[in-house]
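Participant: Residue numbers (this note's numbering): 846 to 1314. The beta carbon of each residue, even a glycine, is placed where N, CA and C say it ideally should be. It should be emphasised that the depicted structure is a prediction, and the values quoted were computed from it without experimental measurement.
Put into structure tokens, the structure is as follows:
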């Protein structure tokens, strides 16, 4: 069977007698032998049994548990080829879902990276993916489930096996900062020494459910968050003593309570049991306070690349009013505020808004203000209050922008919209809506925020019809 492309999940796309099969682990350009496992009307799934002709882009994955762990999907693909595929994934989404025209690509629905056979005049310019010089050890946060070993009933912690809820015990993750690996190893060791019962997802019994750790890459400050199935942290004094002794640079120990039968990591109750409520880190000279529940991009190097591109697209001269929807703890807002007249940030999570206000004060930035609430509610009210935006920046969750927010953008008619996206599919959908409302997408730049995974971040520039492109 010939493999002709990759799906958005990183599975090889094969054709056998005209029938499409998805093959985990296969790469474009390969000829493989695969066992059909399940079929549907138009496609099926097959298990890779042998590679008969190997892709020149195939690598031996350096991770010892790569074949089991679901954290990465593309370690077996050369990094330059990963960057090309991610750009093509963005192009395919814009074309197929957004029905948008792309500069310099062949017409049609391209599933694999290929060469263009005809050049399309005009259209959106999709730039090469911005990659990393060193695409390893980049994550500043790790959140891993804790469970029971099927071998000896002991405590294990790591990522889930691909396509399952079986935990693969992990001591070393090549995309995690080394300090994160060390913190998780220490937590597992202490939990075993203190005989803390691991959570059993099937029975709902046990205490320790998840461990989340953060490190400030610039500052070296560390945070440990223990998520339990109980309102109290058993043997809390010993936890504090052991963690402080084992982890130099530890600034915060946090306990979160989640007693619900859910896959969601955090519960509603969060309290600091030792140290500070926040740790600090820096991005491009801006200092940030980060609490346990804060959204803070996990790859600081690529975050700077992404936000610099967003700032370039915003084309600020120092006088503009900018609205930052989904502002989180103010990361993009404060980048923008250094070049804007005034920035207004909105975010639904009240704790994040408190962090944003603290971060503005921390950096002496007085031209940014923040409000908690749904963007689709707050921004229309701002409009009624007379706040007009020259530029609107959106950085929504994977589900994309709320339809009411898109409608508000169209009513406010800023000259430019800068759309930061972690999901090419919803980006394409929302760009189509904005284009139908009088905007034109000029350029999209993919950014490899998550090397060796199938995920890709993008930033898009839209301009209102009749304005300077």
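1. Can you tell me where the alpha helix (DSSP H) with residue 809 in it begins and where it stops?
2. Name the residue from 1294, 915, 878, 913 whose alpha carbon lies nearest to the alpha carbon of residue 897.
3. Around the C-beta of residue 1133, are 16 or more other C-beta atoms found within 10 angstroms, so that it is buried, or is it exposed?
4. Taking only the alpha-carbon atoms, compute the straight-line gap between residue 893 and residue 900 and give it to the nearest angstrom.
5. Are the beta-carbon atoms belonging to residue 1000 and residue 1041 less than 9 Å from one another?
6. Quick check on residue 973: buried or exposed, where buried means 16 or more other Cβ atoms within 10 Å of its Cβ?
7. So for residue 865, helix, strand or coil by DSSP?
8. Compute the distance between the beta-carbons of residue 1025 and residue 1145, then report whether it is under 9 Å.
9. Return helix, strand or coil for residue 934, following the three-state DSSP convention.
10. Can residue 1167 and residue 1151 be called in contact, C-beta distance under 9 Å?
11. In the DSSP assignment, what residue or residues form a beta bridge with residue 1187?
12. Determine the DSSP secondary structure at residue 1098, reduced to helix, strand or coil.
13. Rounding to the nearest angstrom, what Cα-Cα distance links residue 1124 and residue 944 in this structure?
14. With residue 982 and residue 1021 assumed to form a contact (beta carbons below 8 Å), what rounded beta-carbon distance in angstroms separates them?
15. Roughly how many whole angstroms lie between the Cα atoms of residue 1074 and residue 1196?
16. From the DSSP output, which residues share a beta bridge with residue 884?
17. Distance check for residue 1048 and residue 1088, CA to CA, integer angstroms please.
18. Where residue 1339 and residue 1128 are concerned, what is the direct C-alpha to C-alpha distance, given to the nearest angstrom?
19. Going by C-alpha distance, which of 1002, 1245, 850 is nearest residue 1037?
20. So, helix, strand or coil for residue 963, using DSSP?
21. Which same chain residues, not among the five before or five after residue 988, have their C-beta less than 7 Å away from its C-beta?
22. Looking at the structure shown, is residue 1021 part of a helix, part of a strand, or coil, going by DSSP?
23. Touching or not, the segment 1190-1205 and the segment 1214-1230, by the rule of three or more beta carbon pairs under 8 Å?
24. Cα-Cα, which of 1070, 1097, 1090, 1084 is closest to residue 1103?
25. So, using beta-carbon positions, are residue 1140 and residue 1174 closer together than 9 Å?
26. Return the CA-CA distance between residue 980 and residue 1019, expressed in angstroms with no decimal places.
27. Which residues in the same chain as residue 1241 place their Cβ atom closer than 7 Å to its Cβ, once the five residues preceding and following it in sequence are excluded?
28. When you compare only the Cα positions, how much space is there between residue 1033 and residue 1169?
29. Could you tell me the distance, in whole angstroms, from the CA atom of residue 1233 to the CA atom of residue 1138?
30. Please identify the residue among 1221, 1228, 1226, 1177 whose C-alpha is closest to the C-alpha of residue 1205.
31. Can you tell me which residues form a DSSP beta bridge with residue 1291?
32. Can you tell me whether DSSP reads residue 871 as helix, strand or coil?
33. What number of angstroms, rounded off, separates the C-alpha of residue 955 from the C-alpha of residue 913?
34. DSSP three-state label for residue 1027, please.
35. For residue 1303, is the classification buried or exposed, using 16 other Cβ atoms within 10 angstroms of its Cβ as the cut-off for buried?
36. How should residue 882 be labelled, buried or exposed, when 16 other C-beta atoms within 10 angstroms of its C-beta is the threshold for buried?
Facilitator: Looking at the atomic coordinates:
1. In the structure as shown, the chain starts at 846 and stops at 1314, and residue 809 therefore has no counterpart that could be examined.
2. 878
3. buried
4. 14 Å
5. yes
6. exposed
7. strand
8. no
9. helix
10. no
11. 1166
12. strand
13. 44 Å
14. 7 Å
15. 23 Å
16. 889
17. 29 Å
18. Nothing can be reported for residue 1339: it is not among the residues displayed for the chain, which extend from 846 to 1314.
19. 1002
20. Low confidence applies here, because residue 963 scores a pLDDT of 30, under 50, leaving its location unreliable; read the following figure in that light. Three-state result, residue 963: coil.
21. 1055, 1057, 1110
22. strand
23. yes
24. 1070
25. yes
26. 10 Å
27. 1171
28. 40 Å
29. 31 Å
30. 1177
31. 1303
32. coil
33. Low confidence applies here, because residue 955 scores a pLDDT of 40, under 50, leaving its location unreliable; read the following figure in that light. If I take the Cα positions, the gap works out to 29 Å.
34. helix
35. buried
36. exposed
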